[in-house]
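For the sequence shown, the positions run 85 to 465 when this note's numbering is used. Just so you know, even glycine gets a beta-carbon here, dropped at the ideal spot from N, CA and C.
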Amino acid sequence: MYDFEFHNPTKIIFGRDKELLMGDVLKGDAITKVLLLYGSQSVKRSGLLDRVKDVLSRAGVGFIEFGGVVSNPVLSHTRQGVALAKSEAVEAILAVGGGSVLDEGKAIAVGALADVDVWDFFVGKEVSRALPVYTILTLAATASEMNGNSVVTNEETKQKYNITSPHVYPRVSILNPQLTCSVPADYSTYGAVDVIAHVIEAYFTKKPGTRLQDRLVEAIVKTVIDSHNIIRQEPDNYQARAEFMWTATLGLNGLTPSGVGQSSFPNHMIEHSLSAIYNIAHGAGLAIVMPAWMRWYSDRNPAQFERFARKIFGVEGAEAGIVALETWFRDIGAPIRLQDAEIPAADIDEIAANAAQLAKLWGIDDLYDQAAIAEILQLAV
85 MYDFEFHNPT KIIFGRDKEL LMGDVLKGDA ITKVLLLYGS QSVKRSGLLD RVKDVLSRAG
145 VGFIEFGGVV SNPVLSHTRQ GVALAKSEAV EAILAVGGGS VLDEGKAIAV GALADVDVWD
205 FFVGKEVSRA LPVYTILTLA ATASEMNGNS VVTNEETKQK YNITSPHVYP RVSILNPQLT
265 CSVPADYSTY GAVDVIAHVI EAYFTKKPGT RLQDRLVEAI VKTVIDSHNI IRQEPDNYQA
325 RAEFMWTATL GLNGLTPSGV GQSSFPNHMI EHSLSAIYNI AHGAGLAIVM PAWMRWYSDR
385 NPAQFERFAR KIFGVEGAEA GIVALETWFR DIGAPIRLQD AEIPAADIDE IAANAAQLAK
445 LWGIDDLYDQ AAIAEILQLA V
């Protein structure tokens with residue numbers, strides 16, 4: 085174990101119909117007006133948006149609706165949300181949706197109290213304050229409901245960057261597994277890939293000698309695989325949805341990397357360029373990058389890759405474990421090669437140049453320069 089600090093201020097309310105408590109939650113925090121943020125028409129078709137508006141009205145909480153958040157949320161829409169939050173003098177953000185909605189909500193929360201452009205915070209300006217954020221989650225994947233991260237794409241510059249700040253942890257997040265039953269099958273698959281990526285990044289790049297964290301990661305990966313396999317066959321299976329939802333939250337709420345020493349997120353760094361340039365689903369991009377990166381990196385930490393193969397899939401050898409993970413990705417419908425997502429191999433240099441900018445911002449460009457990133461992407465052809 086290595087020295088660390090762990091603090092997670094988010095309150096989780098988990099269970100059936102718990103979204104009906106949000107009005108009382110906000111009233112209890114003396115919030116009288118929120119920006120009600122959501123994405124597609126699905127929250128309207130399901131009746132969720134109407135239920136949320138009803139409980140807000142019953143609690144005497146005013147709301148300004150702002151829909152239209154897209155998968156891989158974009159800066160232009162975020163800026164519109166910031167302007168609306170300022171002009172309407174909202175006191176908090178209520179984000180209803182998946183990780184994209186929650187991430188944009190956090191960015192709006194930062195921008196609403198800033199006198200500079202919100203993008204400044206994605207390229208290095210420190211966040212000093214933000215409006216309080218509340219969430220009702222409808223898609224399990226990113227753990228944005230319980231972390232201090234926000235990812236937004238600048239569609240003009242093709243940069244997909246992040247804010248990481250304690251000021252954007254949600255105050256309260258409501259997780260009702262029932263709300264995930266209507267998620268399209270492909271997005272459930274991409275969510276599963278994303279959760280696995282969240283935990284294995286540090287698992288493979290950390291310092292050795294952290295048995296507890298290794299076992300936590302392995303439990304999360306195995307639970308994701310088991311629960312998702314059930315969900316594919318039984319989309320309305322509440323227990324499988326519940327296990328998957330909470331596992332996804334634990335995957336990136338700060339618990340698993342605590343005490344592991346220095347680690348990095350190279351798969352996410354590379355994938356951010358894929359989804360920024362080609363607007364593919366984040367989990368789809370990770371399914372392409374992960375096996376390629378694992379093959380490129382495995383010689384640097386062979387014992388850990390061999391352990392992963394043995395503990396997760398019951399096979400021997402690093403390559404056998406990589407093949408097993410790659411095969412599972414393919415079996416659940418995720419792309420595993422660039423061409424599966426219609427990304428030309430001829431674009432690898434452009435992708436690598438884009439990703440190298442983020443590697444520098446994240447301080448991992450000593451290992452991941454443009455040439456190294458291109459090598460990794462060549463393994464995904």
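What number of angstroms, rounded off, separates the C-alpha of residue i from the C-alpha of residue j?
i: N92; j: Y245; result: 22 Å
i: D298; j: D113; result: 38 Å
i: F392; j: Y287; result: 9 Å
i: L197; j: A169; result: 9 Å
i: Q454; j: G208; result: 21 Å
i: G405; j: V399; result: 6 Å
i: W446; j: Y271; result: 28 Å
i: Y381; j: F206; result: 28 Å
i: G131; j: S124; result: 13 Å
i: V200; j: I247; result: 15 Å
i: V139; j: D204; result: 36 Å
i: P428; j: Q462; result: 11 Å
i: L334; j: N233; result: 14 Å
i: N337; j: S348; result: 15 Å
i: G401; j: K128; result: 49 Å
i: K291; j: R379; result: 19 Å
i: M85; j: H161; result: 42 Å
i: A440; j: P350; result: 10 Å
i: I97; j: A224; result: 15 Å
i: L451; j: D383; result: 14 Å
i: L409; j: I314; result: 17 Å
i: V180; j: I220; result: 5 Å
i: D187; j: N231; result: 10 Å
i: L105; j: I304; result: 29 Å
My guess is that residue i and residue j are in contact by the Cβ rule of under 8 Å, so how many angstroms apart are they, rounded?
i: R325; j: T241; result: Incorrect: roughly 38 Å between the Cβ atoms, too far for contact.
i: P261; j: Y218; result: Not a contact, Cβ separation roughly 19 Å.
i: F88; j: S342; result: 5 Å
i: G275; j: A332; result: 7 Å
i: R158; j: V235; result: Note that residue 158 corresponds to Val in the displayed sequence, not to Arg. Actually they are not in contact, since the Cβ atoms of V158 and V235 sit about 11 Å apart, beyond 8 Å.
i: A376; j: R316; result: With 8 Å as the limit, A376 and R316 do not qualify as a contact, their Cβ atoms being about 25 Å apart.
Does DSSP put residue i in a helix, in a strand, or in coil?
i: V154; result: coil
i: Y122; result: strand
i: G165; result: helix
i: E229; result: helix
i: L140; result: helix
i: K209; result: coil
i: Q317; result: helix
i: L221; result: strand
i: S311; result: helix
i: F88; result: coil
i: K291; result: coil
i: T264; result: helix
i: I258; result: strand
i: Y253; result: coil
i: K95; result: strand
i: V145; result: coil
i: Y245; result: strand
i: G181; result: strand
Less than 8 Å separating the beta-carbons of residue i and residue j?
i: G182; j: T273; result: no
i: A456; j: H352; result: no
i: G165; j: L110; result: no
i: S311; j: E285; result: no
i: R135; j: E103; result: yes
i: V549; j: H251; result: The first residue shown for the chain is 85 and the last is 465, placing residue 549 beyond what the model contains.
i: I354; j: I460; result: yes
i: P419; j: A387; result: no
i: T226; j: V283; result: no
i: Y122; j: V154; result: no
i: K137; j: V256; result: no
i: V373; j: A464; result: yes
i: K117; j: V185; result: no
i: A167; j: I177; result: no
Label residue i either buried or exposed according to how many other C-beta atoms from any shown protein chain fall within 10 Å of its C-beta, with 16 as the threshold for buried.
i: Y253; result: buried
i: A365; result: buried
i: T307; result: buried
i: G367; result: buried
i: K190; result: buried
i: E229; result: buried
i: A443; result: buried
i: E149; result: exposed
i: D278; result: buried
i: F413; result: buried
So is the beta-carbon of residue i under 7 Å away from any non-hydrogen atom of the ligand PLP?
i: V301; result: What this structure holds is no ligand at all, so the ligand PLP is not there to describe.
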